[in-house]
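Presented below is the structure to which this report refers.
There are 2 protein chains.
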Amino acid sequence: MSEPGASPPSDDLAARTAARLHSAAIHLLRRLRREDNASGLTAPRLSALSVLVFGGPLSLGALAGAEQVRPPTMTRLVAALEWDGLVTREADPRDGRAIIIRATEAGKHLLEAGRDRRTAALARQLAALPAEDLAVLERAADLLEGVVTPPPAPPRRGEG
Amino acid sequence: MSEPGASPPSDDLAARTAARLHSAAIHLLRRLRREDNASGLTAPRLSALSVLVFGGPLSLGALAGAEQVRPPTMTRLVAALEWDGLVTREADPRDGRAIIIRATEAGKHLLEAGRDRRTAALARQLAALPAEDLAVLERAADLLEGVVTPPPAPPRRGEG
DNA sequence: TCCTGATACTTAGCAAAGCTAAAGAAATGG
DNA sequence: CCATTTCTTTAGCTTTGCTAAGTATCAGGA
Chain A
1 MSEPGASPPS DDLAARTAAR LHSAAIHLLR RLRREDNASG LTAPRLSALS
51 VLVFGGPLSL GALAGAEQVR PPTMTRLVAA LEWDGLVTRE ADPRDGRAII
101 IRATEAGKHL LEAGRDRRTA ALARQLAALP AEDLAVLERA ADLLEGVVTP
151 PPAPPRRGEG
Chain B
1 MSEPGASPPS DDLAARTAAR LHSAAIHLLR RLRREDNASG LTAPRLSALS
51 VLVFGGPLSL GALAGAEQVR PPTMTRLVAA LEWDGLVTRE ADPRDGRAII
101 IRATEAGKHL LEAGRDRRTA ALARQLAALP AEDLAVLERA ADLLEGVVTP
151 PPAPPRRGEG
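First to last, the protein sequences are chains A and B.
Mapping of the first sequence onto the UniProt record's numbering: residues 1 to 160, in sequence order.
Mapping of the second sequence onto the UniProt record's numbering: residues 1 to 160, in sequence order.
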């Protein structure tokens, strides 16, 4: 199809929506990165910290799974967060191979500040939208997390 | 506010929505990157190519502006796309400093294939959603692009 | 007890994408 | 004609992502 604007007749709505969400996500993140740049907390670190604050302590592997990255990537993110005093790494008393990563009080506090700073400009723009549009975006954020988030790994042992 | 889970009473809905969109965007992009990894076209290249295909030829600076990156970043993206034969760089006849970047036919074709490949898994999941939810996401993609996209730079000269 | 295999994390090393600073070339304006 | 501005590139840095390989621990069986 060499005619991009030719409104593909039987093209799937889902496929086009996926492509547009992809594009919107790229531009959204670039926008937020430009706005921030002063919080000292990059997006991946903020995101990982957020999981720990709102979801409680996790092993490195579980955190990597929740964040959709490989363990070595998470090792580095956690190292940076630990160096900044935002998380701690404890030995897992039940498994000598594993570590338990926990947000510190400083981490909890910085999360709010950092997140607010990063999203403040976007929030201002969203606040200018009609309430109806804002509701659509809120609903969409929910739906997206549901679609994108991997199902929690089945508990391998008695970790309930 | 030091109690993250304390459901801040007067907190702004816009602020919370912004934070959740941020999180959803991060996870969406990581998910898509995992799915892809075979198209040979990374997300930033795909995105830049998309702007050129659907929006027509642009100068490097304009493309960088549209994509919310700095010129040196776009220089490198364009170099990679050119090396792959997906775009061309011509001299601007009206301004010897500028270049005009244009998608090739190969670029137009690969855009569709690459985008489809990258978003296919997501599209499949979206297709499984209720029509109502899909409509919400489509609308959200629209709204987000509108909020996030910078207003087109005022035409500095006769470039209409 | 001592292997054997699986699992959890780290280390090493690579590529891509983002940035700033600064250089080179061309346009603009006095 | 010269100074300034603008557009792009180059150089070099950081961060994030990956795979491959190494180390430590756990679990099960001979």
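The C-beta atom is built at its ideal place from N, Cα and C for all residues, glycine as well.
Quiz item: In three-state terms, what does DSSP make of Asp12 (chain B)?
Solution: coil
Quiz item: Val51 (chain B) and Ala66 (chain B) look like a contact to me (Cβ under 8 Å); what is the Cβ gap, rounded to whole Å?
Solution: 5 Å
Self-check item: Contained alpha helix (DSSP H) runs [length at least 4] in the UniProt domain "HTH marR-type" (14-146) of chain A, N- to C-terminal order
Solution: 43-55, 60-67, 71-83, 105-127
Practice problem: Would you please state the rounded distance, in angstroms, between the beta carbons of Ala127 (chain A) and Ala14 (chain B)? I believe it to be under 8 Å. | Solution: 4 Å
Quiz item: the stretch 82-107 of chain A: which residues have C-beta closer than 7 Å to a C-beta of chain B, in chain order?
Solution: Of all residues in the stretch 82-107 of chain A, none has a Cβ within less than 7 Å of some Cβ in chain B.
Quiz item: Cβ of Glu35 (chain B) less than 8 Å from any chain A Cβ?
Solution: no
Quiz item: For Val147 (chain B), which residues in chain A fall below 8 Å Cβ to Cβ?
Solution: Leu122, Gln125, Leu126, Leu129
Quiz item: At a CB-CB cut-off below 8 Å, which residues of chain B make contact with Arg20 (chain A)?
Solution: Under the 8 Å cutoff, chain B gives Glu138, Ala141, Asp142, Glu145.
Quiz item: Is it right to say Gly55 (chain B) is buried, meaning 16 or more other beta carbons lie within 10 angstroms of its own, or is it exposed?
Solution: exposed
Self-check item: Proximal residues of chain A, C-beta to C-beta of Arg31 (chain B) below 9 Å
Solution: Gln68, Val147, Val148, Thr149, Pro150
Quiz item: With 16 as the cutoff for other CB atoms within 10 Å, does Ala79 (chain B) come out buried or exposed?
Solution: exposed
Exercise. Just the C-alpha distance for Val136 (chain B) and Ala64 (chain B), rounded to the nearest angstrom, thanks.
Key: 30 Å
Self-check item: Under 7 Å by beta carbon: chain A residues contacting Ala14 (chain B)
Solution: When 7 Å is used as the limit between beta carbons, Ala14 (chain B) is near these residues of chain A: Ala123, Leu126, Ala127, Leu134, in chain order.
Practice problem: Report the neighbours of Leu28 (chain A) on chain B: residues whose CB is nearer than 7 Å to its CB, in chain order. | Solution: Leu21, Ala25, Leu144, Val148
Practice problem: Answer yes or no: does any C-beta atom of chain B fall closer than 8 Å to that of Thr119 (chain A)? | Solution: yes
Quiz item: Beta-carbon separation of Val147 (chain A) and Gln125 (chain B) under 8 Å?
Solution: yes
Quiz prompt | Local Cβ density within 10 Å of His22 (chain B), reported as buried at 16 or more and exposed below that | solution = Residue environment for His22 (chain B): buried (at least 16 other C-beta atoms within 10 angstroms of its C-beta).
Self-check item: Inter-residue CB distance, Ala98 (chain B) and Leu29 (chain A) (contact presumed, cutoff 8 Å)
Solution: At roughly 28 Å, the Cβ-Cβ gap does not stay under 8 Å, so Ala98 (chain B) and Leu29 (chain A) are not in contact.
Quiz prompt | Rounded separation between Thr149 (chain A) and Glu90 (chain B) - CA only | solution = 43 Å
Quiz prompt | Same chain, Cβ closer than 8 Å to Thr104 (chain B), five either side skipped, listed in chain order | solution = Residues of the same chain with a CB within less than 8 Å of the CB of Thr104 (chain B), apart from the 5 flanking positions on each side, are Gly85, Leu86, Val87, Thr88 in chain order.
Quiz item: If you draw a straight line from the alpha carbon of Pro57 (chain B) to that of Ala131 (chain A), how long is it in whole angstroms?
Solution: Spanning the two alpha carbons is a distance of roughly 37 Å.
Quiz item: Could you give the C-beta distance for Thr17 (chain B) and Leu134 (chain A), rounded to a whole number, given that I count them as a contact under 8 Å?
Solution: 6 Å
Quiz item: From the beta carbon of Thr75 (chain B), is the nearest beta carbon of chain A less than 8 Å away?
Solution: no
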